[in-house]
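Quick mapping for you: the protein sequence lines, in order, are chains A and B.
Using the numbering used here, read the first sequence as starting at 1 and increasing by one per residue.
Using the numbering used here, read the second sequence as starting at 1001 and increasing by one per residue.
The beta-carbon is built from N, C-alpha and C at its ideal position, and this holds for glycine as well.
Read the structure below first, then the notes.
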Amino acid sequence: DAGVIQSPRHEVTEMGQEVTLRCKPISGHDYLFWYRQTMMRGLELLIYFNNNVPIDDSGMPEDRFSAKMPNASFSTLKIQPSEPRDSAVYFCASTPENPGPDTQYFGPGTRLTVL
Amino acid sequence: QKEVEQDPGPLSVPEGAIVSLNCTYSNSAFQYFMWYRQYSRKGPELLMYTYSSGNKEDGRFTAQVDKSSKYISLFIRDSQPSDSATYLCAGGSTLGRLYFGRGTQLTVWP
């Protein structure tokens, strides 16, 4: 199993540009989570999906952030327009339908720098 | 108040020391508790988990939960330089969502 795949691994962009982060969950996993990690705030949940349906997006910081999951094997997190304070590492994680403590797997992350 | 509170450190200890990492939580609905280890520029990886109060041991690592005081601990015996990483505690329920602490950065120097 390839694990959770994220792309790109690094993204450097200028303020105001649109940024799209991509995630492929582990096959057969029904939950997908998007997290953001910064030194100041740690690992924060932005949004999560169950069977491609957004369940809780209360962690999305503002309207500039949007996430979609068009099918079971692909999700995107979009920031438009990007701002320097969006600089962080963004992680995607997935877990199966009956999640337990040992079933949430993280991708390698996308390191985003907004200049 | 965050669901899970964790002192970010940093914590620096010599090789062979016993390391104690701690968290507190506020959500009584948590059914299990995890410790993740995150190496620099990598994603978090599950280190240990436990469902109930008490201790769980795995090699040099011991996870401890005290539900009465809502306290989570991780002990590392005979610490090694390879243990240098950020350690994140988390609580969760059967709904799948996890709540993480900020992480404690640990350095074990030879």
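When the Cβ atoms of the stretch 1003–1019 of chain B are set against those of the stretch 49–64 of chain A, are three or more pairs found closer than 8 Å? Touching, no, given that fewer than three Cβ pairs across the two stretches are closer than 8 Å.
Flag residue 1067(B) as yes when its Cβ comes closer than 7 Å to any non-hydrogen atom of the ligand GTP, and as no otherwise. Of ligands this structure carries none, so the ligand GTP is not represented either.
Proximity winner among 6(A), 40(A) and 44(A), relative to residue 1009(B) (alpha-carbon distances): Residue mapping note: residue 1009(B) aligns to position 9 of the second sequence, counting from 1. Cα-wise, what sits closest to residue 1009(B) is 40(A).
Measuring CB to CB, does residue 1043(B) end up less than 8 Å from residue 106(A)? Reading the second sequence from its first residue, position 43 is the one you call residue 1043(B). Reading the first sequence from its first residue, position 106 is the one you call residue 106(A). Yes; because the gap between Cβ atoms is below 8 Å, this pair is in contact.
So if DSSP puts residue 1054(B) in a beta bridge, which residue, or which two residues, is it bridged to? Here residue 1054(B) is taken as the residue at index 54 of the second sequence, counted from 1. Answer by DSSP bridge pairing, in chain order: 1065(B).
List the residues of chain B that residue 42(A) touches, going by C-beta distances under 8 Å, in chain order. Locating residue 42(A) in the first sequence gives position 42, counting from the first residue. 1006, 1008, 1088, 1100, 1101, 1102 and 1103, listed in chain order.
Determine which residues share a DSSP beta bridge with residue 29(A) and list them. The count along the first sequence starts at 1 and reaches residue 29(A) at position 29. For residue 29(A), DSSP assigns no beta-bridge partner whatsoever.
Among 1045(B), 1070(B), 1020(B) and 1018(B), which has the Cα closest to the Cα of residue 1029(B)? For the purposes of this step, residue 1029(B) is taken as residue 29 along the second sequence, with counting starting at 1. Of the candidates 1045(B), 1070(B), 1020(B) and 1018(B), the one whose C-alpha sits nearest the C-alpha of residue 1029(B) is 1070(B).
Determine the chain B residues that contact residue 108(A) at a beta-carbon separation under 9 Å, and present them in chain order. Translated into the one-based positions of the first sequence, residue 108(A) becomes position 108. Those within 9 Å of residue 108(A) in chain B are 1041, 1042 and 1043.
Quick check on the burial criterion: 16 or more other C-beta atoms within 10 angstroms. Buried or exposed for residue 86(A)? The residue you call residue 86(A) lines up with position 86 of the first sequence. Residue 86(A) should be labelled buried.
Proximal residues to residue 103(A) (C-beta, below 6 Å), its chain only, five neighbours per side dropped: The residue you call residue 103(A) lines up with position 103 of the first sequence. Excluding positions up to five away in sequence, the list reads 95 and 96.
Quick check: what's the CA-CA separation for residue 91(A) versus residue 1019(B)? The count along the first sequence starts at 1 and reaches residue 91(A) at position 91. The count along the second sequence starts at 1 and reaches residue 1019(B) at position 19. When rounded, the distance between both Cα atoms is 27 Å.
Member of 1053(B), 1041(B) and 1061(B) whose CA lies at the smallest distance from the CA of residue 1047(B): Position 47 of the second sequence holds residue 1047(B). For residue 1047(B), the nearest C-alpha among the options comes from 1061(B).
Those residues which DSSP pairs with residue 47(A) across a bridge: Counting from one through the first sequence, the residue named residue 47(A) turns up at place 47. Partner residues in the beta bridge of residue 47(A), as assigned by DSSP, are 34(A).
Rounded C-alpha distance that separates residue 46(A) from residue 1051(B): Taking the first sequence and counting its residues from 1, the one referred to as residue 46(A) is at position 46. Taking the second sequence and counting its residues from 1, the one referred to as residue 1051(B) is at position 51. If I take the Cα positions, the gap works out to 25 Å.
Grab the span of the beta strand (DSSP E) containing residue 74(A) for me, first residue to last. Counted from its first residue, the first sequence places residue 74(A) at position 74. Segment 74–79, the beta strand (DSSP E) holding residue 74(A).
Span of the beta strand (DSSP E) holding residue 1022(B)? Locating residue 1022(B) in the second sequence gives position 22, counting from the first residue. Note, residue 1022(B): beta strand (DSSP E), 1019–1025.
Short of 9 Å Cβ to Cβ, which residues in the stretch 42–62 of chain A face chain B? Those residues of the stretch 42–62 of chain A placed with their C-beta closer than 9 Å to a C-beta in chain B are 42, 43, 44, 45, 48, 50, 55 and 56, ordered along the chain.
CB residue 8(A) to CB residue 110(A), shorter than 8 Å? Walking along the first sequence from the start, residue 8(A) turns up at place 8. Walking along the first sequence from the start, residue 110(A) turns up at place 110. Contact annotation: residue 8(A) and residue 110(A) have beta-carbon atoms nearer than 8 Å.
Cβ neighbour criterion (16 or more within 10 Å) applied to residue 1113(B): Because chain B is modelled from 1001 through 1110, residue 1113(B) falls outside the range shown and cannot be assessed.
Excluding the 5 residues flanking residue 15(A) on each side, which residues of the same chain have their C-beta closer than 8 Å to its C-beta? By 1-based counting over the first sequence, the position of residue 15(A) is 15. Closer than 8 Å at the Cβ level, and outside the excluded window around residue 15(A), lie 81, 82, 83, 84, 114 and 115.
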